[in-house]
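Numbering (full-length UniProt numbering), first residue to last: 1 to 1105.
If you want it as structure tokens, here you go:
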């Protein structure tokens, strides 16, 4: 029937009288199989292997296709031929197969197909390759794939241990865990085949870590191994409690214990997180924490915090360990306020304070004090960035004229305390104080009832003018002092009257300014009141230093007291004055001495001293006199800083400025020989002048006069005329050049700077060269060289050169240096070095074409090249040649050959300085070689046959794209193409004509061409390779009854060249049948058969085909 076609059927009964009416099917029937083919069986595995048999087993398919499995077809493939051959005539009933048609040493693969009523299903996976040989092998575990016999997995992942095994017969496997039985739970599963055993633990946890022991046993021995399995995970929670070891106002120190379980990996650190109390916003604390303690910094004083800690390893972060809330505060209190600061003194920009420490320190010692200042109406500002440990402080950076207040804050470990009460405000200026005490008074004149006293003013008036003096006195023996005057006297001279003659008195003086009274001076010596001679005592209160203009008169008048009348001596600058100078006039009276100078001169300036002397002693007074005049001439007039048309005149100020500051200088010039002076400038205030607009090369004279408010000095002139010129000279000679580097056409030289640049920066260098054999110098370069090295090019190779160098500045070119030593122009010796990476120049060449490999290099002397291909040295011939220049070598192959020219090309460059080498790969591609024979023909029929061959030994360097199959009818002698698109090494030929002779050939093809062909050894004929079998032996009736007969016969002598597929049994009723009837609906496989449904009493004949 045609599958899928609808059919109707009818049946008619027939006897000798005719046929009955038909019985027809109720409805059409579709010709289709009522079952599906079964599924794929399991992969076959060998259970026993020997030199003459291989025993297999496999698992039944999961699906039987809806019909019972009738058996299995077993196929085998010899690795040498690659063809699958069915091994069983009838389906194998069990899941085992015994193959005893094997040859020792050959390798086989097997596959199995299940068969049911619908037919054979898809074949199983191909078995492993089995070799037919004696298999008595001790078990062995192959642990190469387990590095260190250790496995590490993460929690939740499966533990998978795959261990290849060997041994015959197949070993039995036992697993143990930590020296005990492996717990066989739903998570644990094992599977063992002939070459592999597997252990799988699903959803692993930390408890699965440990030692897994595998033992393989068979009758020839055993093998075992231990495998360490570590199941890793993030660590466990750190162990509490989370302790607060130290708490301050901005830091809290935490500590905890490490977790009990580190997750199978070292703890890499801890993550400390914090949150303000009442908030769920956690943030990590900055810093790395490798230990179980940490100090959190930068907290806000008074805030409440919550902390938690997580452990971390390379696999993750643990659950947190939470701590209790804690407040960031110091364990101590801040100190109380210090006392109100006291101002010790102040200046326009500073103020000195002092204070007493606070009464309470807050439980911790005072670590220092902050001083704050505030301008009127402003904010308090710290005067010191760091606490001062002292109780005094000088506040700096005050603004003069501003009013300030100050206060102090004490600081301890808990922080700053309360501020002190502020000081009274002060204005930043010079502080006025009471004056210093005057010097002790001296008695100038003593009478019977009075004493005349004098004293020196105090050294410091306290910043306020002295208003006067209060004189106090006391009699000898009195305890208290009394004032001698009711109002302060303005002078330093006072006469105490109303004294009692014969009594001794002491006196002291108090200075008074607007701030108040000074401390009293030290008391004078005791003075006896009586009429007595006394030494002269001058009253200098009205005497002042004198300043006059030259030509004017001046006088010095000094009152004095002294008895008897003293003599007067006048000195000038410690030289006594006499009457030899008519301009001097002196006068002495009972109470004064006078000195008069007429028509004063500048030389009269100086220190004048008056000495009064009598028998009781002497007194001295000094007066300074300044006589003002025009200045003296300036000194040492000179020129410098020449700049062509300009120069600078310098001079020294006059030794005598005439008693007044020199206000300016007057500078004049004239050309040498000219009678008239021209003014350069009259307003020069410095002792130098820049003179411009001169004519370079001409000589000039200059003069300078100083001027003050009293006139102009005499001129100071240059001693010689001055030429207008540049300020510098050409530079000196540089150092002799020296050779630095040379090549075949250049020399690099270097030199040192000249010792003197002539006063102007060197702008460049001129270089000259000459051959050692020549006298004439020529320029090496036309441009000036700015550096101290230069590469001179375009030289003649292997010649010696000399060089010299001259420096150039703004004044021009200086002298040449001494010449260099002779320098060779040639490349310096160096080992060869290949300057290109040959590995990136791998190439593919088509056979028969030429190719070159160019290798650039540096090296001196020129190195000798040696080439090797795959380690074998290459010799030059008519096909291969080497070409080497000074900087490259070339490998030239005129006609590439695949057999000899493919491989690694290595060049070795050698000279007397060293060697270098490099390699690249060359692939010579060609059409492939012919396929390998023999060209086998199989499965021949009158119309088809199957060809098989082996791939070429050499694919020509390119993959085989296809094979070309051709056939030749021997009767025609013409080759015709069968197919050009054969991908594999087999081909099924169709369309042959029966009984004709054919020859076949096959050629391989790649992208570079088609190979030569391989042909059959002899032609073949298109026909079956077998004939019908001979007739079986005459059937014998071994048993019969009323309806059955048992037959048996001999097999045919010849099967015709093909295996007997079965027998057909026929019979006929001798009396009734004229035709033979078939007794069996299907072929009988064995030479015996029972014919059934015979009619009792009838005679039958039987025959077998």
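Cβ coordinates follow ideal geometry from the N, Cα and C atoms, glycine included.
Alpha carbon of residue i to alpha carbon of residue j, nearest angstrom
i: residue 821; j: residue 764; result: 22 Å
i: residue 754; j: residue 768; result: 17 Å
i: residue 701; j: residue 727; result: 18 Å
i: residue 99; j: residue 998; result: 37 Å
i: residue 137; j: residue 943; result: 50 Å
i: residue 902; j: residue 922; result: 5 Å
i: residue 852; j: residue 891; result: 5 Å
i: residue 145; j: residue 165; result: 12 Å
i: residue 677; j: residue 714; result: 15 Å
i: residue 736; j: residue 824; result: 17 Å
i: residue 1051; j: residue 55; result: 30 Å
i: residue 575; j: residue 477; result: 48 Å
i: residue 396; j: residue 517; result: 30 Å
i: residue 717; j: residue 775; result: 54 Å
i: residue 738; j: residue 785; result: 16 Å
The ligand FMN heavy atom lying under 7 Å from the CB of residue i
i: residue 895; result: Summarising the ligand content, the structure contains no ligands, and the ligand FMN is consequently not present.
Beta-carbon proximity of residue i to residue j, cut-off 8 Å
i: residue 344; j: residue 406; result: no
i: residue 455; j: residue 435; result: no
i: residue 809; j: residue 757; result: yes
i: residue 340; j: residue 301; result: no
i: residue 429; j: residue 464; result: no
i: residue 139; j: residue 223; result: yes
i: residue 694; j: residue 750; result: no
i: residue 74; j: residue 102; result: no
i: residue 200; j: residue 159; result: yes
i: residue 534; j: residue 661; result: no
i: residue 1107; j: residue 723; result: Residue coverage of the chain in this structure runs from 1 to 1105, which leaves residue 1107 outside it and unanswerable.
For residue i, the first and last residue of its enclosing beta strand (DSSP E)
i: residue 639; result: 635 to 640
i: residue 667; result: 664 to 671
i: residue 342; result: 342 to 347
i: residue 513; result: Where residue 513 is concerned, there is no enclosing beta strand (DSSP E), given that its DSSP letter is neither H nor E.
i: residue 1009; result: 1009 to 1015
i: residue 95; result: From DSSP, residue 95 is part of no beta strand (DSSP E); its letter is neither H nor E.
i: residue 830; result: 830 to 834
i: residue 548; result: 546 to 549
i: residue 277; result: No beta strand (DSSP E) holds residue 277; DSSP gives it neither H nor E.
i: residue 1065; result: 1065 to 1069
Residues bridged to residue i (per DSSP)
i: residue 649; result: 639 and 689
i: residue 920; result: 905
i: residue 771; result: 801
i: residue 388; result: 369
i: residue 975; result: 968
i: residue 80; result: Its beta-bridge partners do not exist; DSSP assigns none.
i: residue 411; result: 368 and 416
i: residue 534; result: 563
i: residue 742; result: 747
i: residue 475; result: 505
i: residue 679; result: 668
Within-8 Å CB hit, residue i to chain D
i: residue 393; result: Here chain D cannot be found, since the structure has a single protein chain.
The segment 642 to 652 in contact with the segment 681 to 701 per 3-pair CB rule at 8 Å: The answer is yes - the segment 681 to 701 touches the segment 642 to 652, with three or more Cβ pairs under 8 Å.
Segment contact, 8 Å Cβ cut-off, at least three pairs: the segment 988 to 996 with the segment 902 to 911: Note that the segment 988 to 996 does not touch the segment 902 to 911; fewer than 3 beta-carbon pairs, one per stretch, sit closer than 8 Å.
The segment 1040 to 1050 in contact with the segment 1094 to 1101 per 3-pair CB rule at 8 Å: The segment 1040 to 1050, when compared against the segment 1094 to 1101, does touch it at the 8 Å Cβ threshold.
Inter-stretch contact at 8 Å, needing at least 3 Cβ pairs: the segment 402 to 417 / the segment 363 to 370: Yes, they touch.
Any 3 or more C-beta pairs closer than 8 Å across the segment 119 to 128 and the segment 30 to 49: Yes, the segment 119 to 128 is in contact with the segment 30 to 49.
Cβ contact (3+ pairs, closer than 8 Å) linking the segment 812 to 819 and the segment 829 to 841: Segments in contact, no.
Three CB pairs or more closer than 8 Å across the segment 947 to 966 and the segment 1007 to 1021: By the Cβ rule, the segment 947 to 966 counts as touching the segment 1007 to 1021, because three or more pairs are nearer than 8 Å.
Stretch-stretch touch, CB-based, cutoff 8 Å, three pairs: the segment 884 to 898 with the segment 852 to 867: They touch, by the three-pair rule.
At least 3 beta-carbon pairs within less than 8 Å: the segment 308 to 318 vs the segment 262 to 282: Under the 8 Å Cβ criterion, the segment 308 to 318 counts as touching the segment 262 to 282, having at least three qualifying pairs.
The segment 551 to 559 / the segment 590 to 609 touching (three or more Cβ pairs under 8 Å): With a cut-off of 8 Å on Cβ pairs, the segment 551 to 559 is in contact with the segment 590 to 609, counting three or more such pairs.
Touch test, the segment 564 to 578 against the segment 486 to 502, Cβ-Cβ under 8 Å, three pairs minimum: Touching, no, given that fewer than three Cβ pairs across the two stretches are closer than 8 Å.
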